[in-house]
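S.K.: Have a look at the structure that comes next, please.
Numbering (UniProt numbering), first residue to last: 1 to 463.
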């Protein structure tokens with residue numbers, strides 16, 4: 001069986017080979033389009049562009065290395081890799097232009113280089129997507145996986161356990177889960193239970209092959225953690241300590257010091273006033289033309305809903321917005337009229353309350369289009385956490401209430417990462433929402449909007 005280290009090396013080699021092949025195809029196709037399809041007055045043979053291609057190839061690879069595109073890394077948005085490829089593609093194209101301006105004495109065809117850059121982005125993205133699919137398939141078959149021991153409890157531990165079990169393509173095999181209960185009935189940490197927890201961990205590591213230990217840290221038992229660290233060093237095991245983010249209000253970290261003593265200061269970084277104003281301008285600039293362009297289609301949807309089942313075409317419901325302020329949110333009705341009288345519940349796949357046309361409205365997120373009017377009114381924004389009803393907001397823990405620090409959105413970070421309204425994914429969805437709030441920016445909003453346009457036709461939705 002291939003080891004995880006060997007698998008990662010193969011993955012890197014495959015990506016380099018794929019990138020080179022993609023650029024070669026892009027180079028030949030760019031020349032073909034420019035001089036065969038378009039038929040300009042002056043023809044330049046392919047050989048005149050060999051040096052430009054060589055410069056471009058080196059530039060692409062070096063830029064990708066600089067951007068760590070040949071390493072495994074966590075990404076806030078799963079489309080971050082595409083945006084990184086796009087940005088580096090622009091820089092590589094500019095590098096070729098700079099080379100041509102300095103070296104070439106005669107006029108040169110800029111369009112061929114532009115085509116090369118654009119096609120390079122497309123083919124590299126397709127190649128990397130294909131390789132990712134192939135490698136994920138091998139991972140699901142058990143190749144190149146790490147044996148992971150998960151130690152910890154709480155919602156962070158439950159979510160990690162479910163994520164590893166349900167996504168073998170991540171490259172982890174969960175060999176054991178140790179879920180300690182280290183608190184007595186009076187709420188005090190039990191030294192005896194802590195010792196039992198670590199004794200069980202040490203015993204399992206001694207008898208079994210473990211590559212990684214993921215430890216959910218929620219209590220401060222420093223000496224035992226140091227023992228675990230020494231054990232991992234001795235056994236060449238990777239130790240990852242995860243703070244229990246579901247039990248604290250996560251903030252952005254500011255690193256400082258007092259008298260050379262390192263300190264970590266927790267602080268909030270909301271959008272600045274000018275950024276909020278600019279975001280509002282973008283909302284209006286996109287939502288108003290969007291309503292004008294989509295109005296005939298929305299009228300057609302309204303008519304189809306009326307034909308399909310009795311009741312109004314639009315569904316309105318009170319949701320909770322920024323700062324806990326309630327507002328009326330609009331959607332196309334996708335359920336039977338009687339569903340409004342039932343207790344609120346999360347929508348599930350194949351929900352019997354859905355109408356026939358409602359299933360398609362939900363699947364392709366068409367039912368959300370009327371929320372453009374909420375955006376224009378100012379109750380919602382294009383990008384942000386999805387709004388909830390008061391029933392669910394009243395059950396929020398302190399850290400979950402951070403979702404109310406910004407306006408709710410039509411789409412968000414959770415949605416483009418495939419975490420929808422299923423009840424089993426609520427904690428994971430809230431975590432993505434908090435991540436968005438801590439990292440929100442105009443650039444991140446643009447990425448999420450672009451990703452939404454790419455993924456929404458292919459995702460089954462239940463929210």
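Positions of the beta carbon are idealized from the N, C-alpha and C atoms, including for glycine.
Taking 9 Å as the cut-off, decide whether the C-beta atoms of residue 452 and residue 322 are in contact.
M.R.: No, the pair does not count as a contact, with Cβ atoms beyond the cut-off.
S.K.: Indicate whether residue 70 and residue 15 have their beta-carbon atoms separated by less than 9 Å.
M.R.: Taking 9 Å as the Cβ cut-off, residue 70 and residue 15 qualify as a contacting pair.
S.K.: Which word fits residue 295, buried or exposed, when buried means at least 16 other C-beta atoms lie within 10 angstroms of its C-beta?
M.R.: By the 10 Å Cβ count, residue 295 comes out exposed.
S.K.: Just list the residues that DSSP pairs residue 147 with in beta bridges.
M.R.: Note: residue 147 sits in a beta bridge opposite 173.
S.K.: Just the C-alpha distance for residue 374 and residue 300, rounded to the nearest angstrom, thanks.
M.R.: Each residue's alpha carbon lies about 20 Å from the other.
S.K.: Put residue 237 into one of helix, strand or coil per three-state DSSP.
M.R.: Reduced to three states, the DSSP call for residue 237 is coil.
S.K.: So what does DSSP say about residue 100, is it helix, strand or coil?
M.R.: Here residue 100 sits in helix by DSSP.
S.K.: Just how far apart, CA to CA, sit residue 370 and residue 273?
M.R.: So the alpha carbons of these two residues sit roughly 27 Å apart.
S.K.: Quick check: the region 190 to 209 against the region 159 to 172, are at least 3 beta-carbon pairs closer than 8 Å?
M.R.: As far as the Cβ criterion goes, the region 159 to 172 does not touch the region 190 to 209, which means the pair count is below three.
S.K.: On a CA-only basis, which of 129, 372, 335, 331 is nearest residue 357? Give me that one, please.
M.R.: Here the closest residue by C-alpha is 335.
S.K.: Which term fits residue 226, buried or exposed, when burial requires 16 or more other beta carbons within 10 angstroms of its beta carbon?
M.R.: Exposed, since its Cβ has fewer than 16 Cβ neighbours within 10 Å.
S.K.: DSSP on residue 332, reduced to helix/strand/coil?
M.R.: The answer is strand: DSSP assigns residue 332 an E or B state.
S.K.: For residue 321, name the three-state secondary structure that DSSP assigns.
M.R.: Coil.
S.K.: Verify whether the separation of the beta carbon atoms of residue 383 and residue 410 is less than 9 Å.
M.R.: In contact: residue 383 and residue 410 (Cβ atoms closer than 9 Å).
S.K.: With which residues is residue 326 paired in a DSSP beta bridge?
M.R.: In DSSP, residue 326 forms a bridge with 320.
S.K.: Taking the beta carbon of residue 447 as the centre, do at least 16 other beta carbons fall within 10 Å, making it buried, or is it exposed?
M.R.: It is buried - the Cβ of residue 447 has at least 16 other Cβ atoms within 10 Å.
S.K.: Should residue 248 be labelled buried (16 or more other beta-carbon atoms within 10 Å of its own) or exposed?
M.R.: Bear in mind that the predicted position of residue 248 carries a pLDDT of just 46, short of 50, making it too unreliable to give a figure here.
S.K.: Could you name the residues of the same chain whose beta carbon sits closer than 8 Å to that of residue 355, not counting the 5 residues immediately before and after it, in chain order?
M.R.: If we look at residue 355 and ignore the five residues flanking it on each side, its Cβ neighbours are 305, 308, 309, 333, 334, 335, 336.
S.K.: Exposed or buried, what is residue 160 when buried is set at 16 or more other beta-carbons lying within 10 Å of its beta-carbon?
M.R.: By the neighbour-count rule (16 or more Cβ atoms within 10 Å), residue 160 is buried.
S.K.: Below 6 Å CB to CB, which residues in the same chain sit around residue 30 once its five sequence neighbours on both sides are set aside?
M.R.: Around residue 30: 112, 115, 116, 119.
S.K.: Determine the extent of the alpha helix (DSSP H) in which residue 295 is found, giving its start and end residues.
M.R.: 273 to 308 is the span of the alpha helix (DSSP H), which, as asked, contains residue 295.
S.K.: Take the Cβ of residue 246 as the centre, count every other Cβ of all protein chains shown within 10 Å, and call the residue buried at 16 or more, exposed below.
M.R.: Residue placement at residue 246 is flagged as unreliable, the pLDDT there being 49, under the threshold of 50; the coordinate-derived value follows with that caveat. With 16 or more other Cβ atoms within 10 Å, it is buried.
S.K.: Apart from the five residues just before and just after residue 311, which ones in its own chain have a Cβ nearer than 7 Å to its Cβ?
M.R.: Closer than 7 Å at Cβ, skipping near neighbours: 333, 337.
S.K.: Between the Cα of residue 444 and those of 41, 83, 142, 145, spot the shortest distance and give me the residue it belongs to.
M.R.: Closest by alpha carbon: 83.
S.K.: Should the region 228 to 241 be called in touch with the region 205 to 215, which here means at least 3 C-beta pairs below 8 Å?
M.R.: Yes, the region 228 to 241 touches the region 205 to 215.
S.K.: Within its chain, find whatever has a CB closer than 8 Å to the CB of residue 250; leave out the 5 residues flanking it on each side and keep chain order.
M.R.: Because residue 250 carries a pLDDT of 48, less than 50, the predicted location of this residue cannot be relied on, and no value is offered for it.
S.K.: Heavy atom of the ligand COA less than 8 Å from the Cβ of residue 437, yes or no?
M.R.: Of ligands this structure carries none, so the ligand COA is not represented either.
S.K.: Hey, which unbroken runs of the beta strand (DSSP E) at 3 residues or more fall wholly within the region 375 to 421?
M.R.: List check, beta strand (DSSP E) in window: 381 to 383, 409 to 411.
S.K.: Determine the DSSP secondary structure at residue 354, reduced to helix, strand or coil.
M.R.: Looking at residue 354 - three-state DSSP - the assignment turns out to be strand.
S.K.: For residue 152 versus residue 214, is the C-beta spacing smaller than 9 Å?
M.R.: For residue 152 and residue 214, yes; Cβs fall inside 9 Å.
S.K.: I believe residue 50 touches residue 44 by the beta-carbon criterion, under 8 Å. Please report the beta-carbon distance rounded to the nearest angstrom.
M.R.: Contact doesn't hold; Cβ gap of about 12 Å is too wide.
S.K.: Whole angstroms are fine: how far does the CA of residue 21 sit from the CA of residue 7?
M.R.: One C-alpha to the other measures close to 21 Å.
S.K.: For residue 47, count neighbouring Cβ atoms within 10 angstroms of its own Cβ and tell me buried if that reaches 16, exposed if not.
M.R.: With fewer than 16 other Cβ atoms within 10 Å, it is exposed.
S.K.: May I ask you to report which of helix, strand or coil DSSP gives residue 204?
M.R.: Note: residue 204 maps to helix in three-state DSSP.
S.K.: For residue 24, name the three-state secondary structure that DSSP assigns.
M.R.: If DSSP states are grouped into helix, strand and coil, residue 24 belongs with the helices.
S.K.: Do you know offhand how far residue 56's Cα is from residue 125's?
M.R.: Cα-Cα distance, rounded: 17 Å.
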